[in-house]
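Asker: The structure follows.
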Amino acid sequence: MTTTIIRGGRVLDVAGRRAEPGDVLVEGDTIREVGRPGLPAPAGATLIDARDRLVMPGLVNAHTHGHGGLARGLIGDRVPLELLLTQAAALNGNRTLEDKRLSALLSAVEMVRRGCTAFYDLHVEFPVPTVEGLHAVARAYLDVGIRAVVAPMMADRTLYAALPGLMEALPPDARARVGALAAPPWETSIAACRELLRAWPFDRDRVRPALGPTIPLHCSDEFLVACRDLAREHDVALQTHLAESKTQAVVGRARYGKTLAAHLGDLGLLGPRFSAAHGVWLDRDDVRRLADAGAGVSHNPLSNLRLGSGIAPVRMMLDAGLRVGIGTDSASSADAQNMFECVRLAAYLSRVRTPDYERWIGVWEALAMATEGSAGVLGMERIGRLAPGYKADVVLLDLAHVNYVPLNDLAVQLVMGETGAAVDSVMIGGRMVLERGRLLTVDEAKLRARAEEARARLAAANAEARAAAAALQPFVGAFCVAMASRPYDLDAREPRL
Numbered sequence: 002m003t004t005t006i007i008r009g010g011r012v013l014d015v016a017g018r019r020a021e022p023g024d025v026l027v028e029g030d031t032i033r034e035v036g037r038p039g040l041p042a043p044a045g046a047t048l049i050d051a052r053d054r055l056v057m058p059g060l061v062n063a064h065t066h067g068h069g070g071l072a073r074g075l076i077g078d079r080v081p082l083e084l085l086l087t088q089a090a091a092l093n094g095n096r097t098l099e100d101k102r103l104s105a106l107l108s109a110v111e112m113v114r115r116g117c118t119a120f121y122d123l124h125v126e127f128p129v130p131t132v133e134g135l136h137a138v139a140r141a142y143l144d145v146g147i148r149a150v151v152a153p154m155m156a157d158r159t160l161y162a163a164l165p166g167l168m169e170a171l172p173p174d175a176r177a178r179v180g181a182l183a184a185p186p187w188e189t190s191i192a193a194c195r196e197l198l199r200a201w202p203f204d205r206d207r208v209r210p211a212l213g214p215t216i217p218l219h220c221s222d223e224f225l226v227a228c229r230d231l232a233r234e235h236d237v238a239l240q241t242h243l244a245e246s247k248t249q250a251v252v253g254r255a256r257y258g259k260t261l262a263a264h265l266g267d268l269g270l271l272g273p274r275f276s277a278a279h280g281v282w283l284d285r286d287d288v289r290r291l292a293d294a295g296a297g298v299s300h301n302p303l304s305n306l307r308l309g310s311g312i313a314p315v316r317m318m319l320d321a322g323l324r325v326g327i328g329t330d331s332a333s334s335a336d337a338q339n340m341f342e343c344v345r346l347a348a349y350l351s352r353v354r355t356p357d358y359e360r361w362i363g364v365w366e367a368l369a370m371a372t373e374g375s376a377g378v379l380g381m382e383r384i385g386r387l388a389p390g391y392k393a394d395v396v397l398l399d400l401a402h403v404n405y406v407p408l409n410d411l412a413v414q415l416v417m418g419e420t421g422a423a424v425d426s427v428m429i430g431g432r433m434v435l436e437r438g439r440l441l442t443v444d445e446a447k448l449r450a451r452a453e454e455a456r457a458r459l460a461a462a463n464a465e466a467r468a469a470a471a472a473l474q475p476f477v478g479a480f481c482v483a484m485a486s487r488p489y490d491l492d493a494r495e496p497r498l
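Numbering (my numbering), first residue to last: 2 to 498.
This is the structure:
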């Protein structure tokens, strides 16, 4: 077993709300001790010089999509969620097994470079998830060295079946074209996932499987119940996009006569292994329902702004005792996999919700959400903190970076100013993955060349799908604007400015 001593840095203790000089002793993949400077280390221990460095727990990304790595920059400028969904085939279609692996590598490398050491990945394959595809993605994450929860993202309804009236809003030619599209029967997706879960060949401490029924409106009740049962059968987690947009909230209440969260509760999906991505349009009863069930939420502030979805009621969630993490969402819907940017936005956006500054999200709260909060969403309880018995997922930031000169308040400068540019080194499970700015596990030059080749090939292969999505945009956009303009009672929320 290898032993490493990280010596001479300032150790960030998020729970204790302090950053003090100290050393960290690592044995194998686990932190053995955190102590004062000069902490004794066994003879022959590997020394990591952390002088002029902040030693902090790796950030944990509670929600993203690794398949977005190859789709960066493709969705356009002013694109709300439902228009993004019309582009699914154009963004992700015609991918080979190597393309799926490549996109996963791109996303994982970016996250490591931005100080992220673990994440929850809802991964899409068309038309249904495959064992080969999910294994290729899992191996990509293992090759980079990052931890991941990998959930195949599935539906048995298309967008046009999920939103009543949308088909009728399309012109006849478009209606015929869209009508030919069909999501696979839910039994097909469940069978594929059952095969995947039956014999997962990878170390679950590093990469573990889960299930991702994508959006409740896009899933029949039979499918959701089957996902619930399969998750229980194999003791895996389940994540869905819940109340992300106002359109979803309005349609959900019209369809079920109750909120989406209440409907999922009636179906028995809510529980400690359940997490909701977004939760922008949850009301107070929804939040209490999720908290009482022991569920978690991933707050994704950047993509919620990018897609115009709104601002999640995070203070209400925290007050209710709900487990809240922070996520980036994908490189296509949020343009980057930058957890530092999302941590800052989580703090900032709370200031738009209320003039009561005592209820704003503080810097230590934001850090807690992005570390142990997100770890709880992933179901990985022994990451997200630098303490004995926790996994040695450690990030070193360069305190000589301009963001910390002069160093007045480290926590404020970390949350409010860090962009990821000061990330110097990253250790995951006791193994150095990034050292003094150099990635040790993947050849980034070759990765870039492969990405550019895939970009050109996929652009040609998906040109027809891209044109079809563009032709639908005016009609889908007008329908969803009208839908989102309908009143939706959220008076139970905190007051807005």
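Yeah, the Cβ is synthetic: ideal placement off N, Cα and C, and Gly gets one too.
Remember, predicted model here, so these are calculated numbers, not experimental data.
Does the beta-carbon of Pro1 have 16 or more other beta-carbons within 10 angstroms, so that it is buried, or is it exposed?
Answerer: What is shown of the chain runs 2 to 498, which leaves residue 1 out entirely.
Asker: Run the CB neighbour count on Tyr405, radius 10 Å, all protein chains shown included, and call it buried at 16 or more, exposed below.
Answerer: Mapped onto the sequence shown, residue 405 falls at position 404. The residue in question, Tyr405, is buried, as its Cβ has 16 or more Cβ neighbours within 10 Å.
Asker: Phe480 lies in the alpha helix (DSSP H); which residues open and close that run?
Answerer: Along the sequence shown, one-based indexing puts residue 480 at 479. Ala464 to Ala485 is the span of the alpha helix (DSSP H), which, as asked, contains Phe480.
Asker: Who pairs with Ile147 in a beta bridge, going by DSSP?
Answerer: The sequence position of residue 147 within the sequence shown is 146, counting from 1. In the DSSP output, where bridge partners are listed per residue, Ile147 has none listed.
Asker: If contacts are defined as beta-carbon pairs under 8 angstroms, then Met112 and Ile147 qualify, I think. What distance do you get, rounded to the angstrom?
Answerer: Sequence index remark: in the sequence shown, residue 112 carries index 111 (1-based). Sequence index remark: in the sequence shown, residue 147 carries index 146 (1-based). Right, the Cβ-Cβ distance comes to about 6 angstroms (below 8 angstroms), so this counts as a contact.
Asker: Starting from the C-beta of Gly258, find all residues in its chain whose C-beta is less than 8 angstroms away, skip the five residues before and the five after it, and write them out in chain order.
Answerer: As a first step, residue 258 must be located in the sequence shown, where it is residue number 257. Closer than 8 angstroms at Cβ, skipping near neighbours: no residue.
Asker: Between which two residues does the alpha helix (DSSP H) containing Arg249 stretch?
Answerer: In the sequence shown, counting from the first residue as 1, residue 249 sits at position 248. Reading off the sequence, residue 249 comes out as Gln, not Arg. Unbroken alpha helix (DSSP H) run through Gln249: Lys247 to Tyr257.
Asker: Where does Arg73 land, buried or exposed, given buried means 16+ other C-beta within 10 angstroms?
Answerer: Within the sequence shown, residue 73 is the residue found at index 72, counting from 1. Buried, since its Cβ has 16 or more Cβ neighbours within 10 Å.
Asker: I want to know whether the region 203–210 touches the region 150–158 - three or more CB-CB distances under 8 angstroms.
Answerer: Touching, yes.
Asker: Within the same chain, show all residues whose beta-carbon is closer than 7 angstroms to that of Arg487, passing over the 5 residues directly before and after it, in chain order.
Answerer: One-based indexing of the sequence shown puts residue 487 at position 486. Closer than 7 angstroms at Cβ, skipping near neighbours: Val251.
Asker: Using a threshold of 7 angstroms, state whether the C-beta atoms of Leu103 and Ala455 are closer than that.
Answerer: Mapped onto the sequence shown, residue 103 falls at position 102. Mapped onto the sequence shown, residue 455 falls at position 454. Yes.
Asker: Considering Cα atoms alone, identify which of Ala119, Pro128, Ala184 and Asn62 is closest to Asn93.
Answerer: Start at 1 with the first residue of the sequence shown, and residue 93 comes out as number 92. Ranking Ala119, Pro128, Ala184 and Asn62 by Cα distance to Asn93 puts Pro128 first.
Asker: Going by CA-CA distance only, name the one from Asp357, Gly134, Leu271 and Ser246 that's closest to Gln240.
Answerer: Looking up residue 240 in the sequence shown gives position 239. Measuring from the Cα of Gln240, the nearest candidate turns out to be Leu271.
Asker: So, does the region 133–149 touch the region 354–362, judging by three or more C-beta pairs under 8 angstroms?
Answerer: In short, these stretches do not touch, since the Cβ pair count stays below three.
Asker: Confirm, please, whether the CB-CB distance from Leu308 to Leu473 is below 7 angstroms.
Answerer: Mapped onto the sequence shown, residue 473 falls at position 472. Mapped onto the sequence shown, residue 308 falls at position 307. It is not a contact, given that the beta carbons lie outside the stated cut-off.
Asker: Enumerate in chain order the residues of its own chain whose CB-to-CB distance from Thr5 is below 7 angstroms, with the five nearest sequence positions on each side excluded.
Answerer: Residue mapping note: residue 5 aligns to position 4 of the sequence shown, counting from 1. Closer than 7 angstroms at Cβ, skipping near neighbours: Val27, Ala46, Thr47, Ile49 and Gly431.
Asker: Taking DSSP's pairing of strands, which residues face Asp50 in a bridge?
Answerer: Taking the sequence shown and counting its residues from 1, the one referred to as residue 50 is at position 49. BP columns for Asp50 point to Arg8.
Asker: Would you list the residues sitting across from Lys392 in a DSSP beta bridge?
Answerer: Walking along the sequence shown from the start, residue 392 turns up at place 391. In the DSSP output, where bridge partners are listed per residue, Lys392 has Thr31.
Asker: What residue from Arg229, Thr3 and Met417 has the CA that sits closest to Gly266's CA?
Answerer: Taking the first residue of the sequence shown as 1, we reach residue 266 at position 265. The shortest Cα separation from Gly266 among Arg229, Thr3 and Met417 belongs to Arg229.
Asker: Quick one: what does DSSP say Asp286 is sitting in, helix, strand or coil?
Answerer: Translated into positions along the sequence shown, residue 286 becomes position 285. DSSP places Asp286 in helix when its eight states are reduced to three.
Asker: Can you list, in chain order, the residues of its chain whose CB lies under 6 angstroms from that of Ala483, leaving out five sequence neighbours each side?
Answerer: On the sequence shown, position 482 is the one that residue 483 refers to. Nothing listed; no residue qualifies.
Asker: Quick one: what's got a C-beta closer than 8 angstroms to Val221's C-beta in the same chain, skipping five residues either side?
Answerer: Numbered from its first residue, the sequence shown carries residue 221 at position 220. In the sequence as presented, Val is not what sits at residue 221; that position holds Ser. Around Ser221: Asp157, Arg158 and Trp187.
Asker: Quick check on DSSP: helix, strand or coil for Pro58?
Answerer: Here residue 58 refers to the residue found at position 57 of the sequence shown. Pro58 falls in the strand class under three-state DSSP.
Asker: Ends of the beta strand (DSSP E) at Asp122?
Answerer: Start at 1 with the first residue of the sequence shown, and residue 122 comes out as number 121. Where Asp122 is concerned, the enclosing beta strand (DSSP E) stretches over Cys117 to His124.
Asker: Should the region 308–319 be called in touch with the region 386–402, which here means at least 3 C-beta pairs below 8 angstroms?
Answerer: Output reads no: the region 386–402 does not touch the region 308–319.
Asker: Can you tell me which residues form a DSSP beta bridge with Gly36?
Answerer: The count along the sequence shown starts at 1 and reaches residue 36 at position 35. In DSSP, Gly36 forms a bridge with Asp24.
Asker: Applying the 10 Å Cβ sphere with the 16-neighbour rule, what's the burial state of Asn409?
Answerer: Taking the sequence shown and counting its residues from 1, one reaches residue 409 at position 408. Classification for Asn409: exposed.
Asker: Which same chain residues, not among the five before or five after Leu98, have their C-beta less than 7 angstroms away from its C-beta?
Answerer: In the sequence shown, the residue the question calls residue 98 occupies position 97. Glu133, Gly134 and Ala137, listed in sequence order.
Asker: What's the C-alpha gap between Met340 and Leu306?
Answerer: Your numbering for residue 340 matches position 339 in the sequence shown. Your numbering for residue 306 matches position 305 in the sequence shown. Straight-line Cα distance between these residues: approximately 15 angstroms.
Asker: Closest to Ala238 by C-alpha separation, out of Pro389, Arg345, Trp282 and Pro214, would be which residue?
Answerer: Working through the sequence shown from its first residue, we reach residue 238 at position 237. Out of Pro389, Arg345, Trp282 and Pro214, Pro214 has the C-alpha closest to the C-alpha of Ala238.
Asker: Alpha carbon to alpha carbon, how far is Ser108 from Ser351? Give it in angstroms, no decimals.
Answerer: Looking up residue 351 in the sequence shown gives position 350. Looking up residue 108 in the sequence shown gives position 107. Rounded to whole angstroms, Ser351 to Ser108 spans 28 angstroms at the Cα level.
Asker: Can you tell me whether Val281 is buried or exposed? The criterion is at least 16 other CB atoms within 10 Å of its CB, across all chains shown.
Answerer: Here the question's residue 281 lines up with position 280 in the sequence shown. Buried, since its Cβ has 16 or more Cβ neighbours within 10 Å.
Asker: Return the CA-CA distance between Asp490 and Ala119, expressed in angstroms with no decimal places.
Answerer: On the sequence shown, position 489 is the one that residue 490 refers to. On the sequence shown, position 118 is the one that residue 119 refers to. If you take the alpha carbons of Asp490 and Ala119, they lie about 36 angstroms apart.
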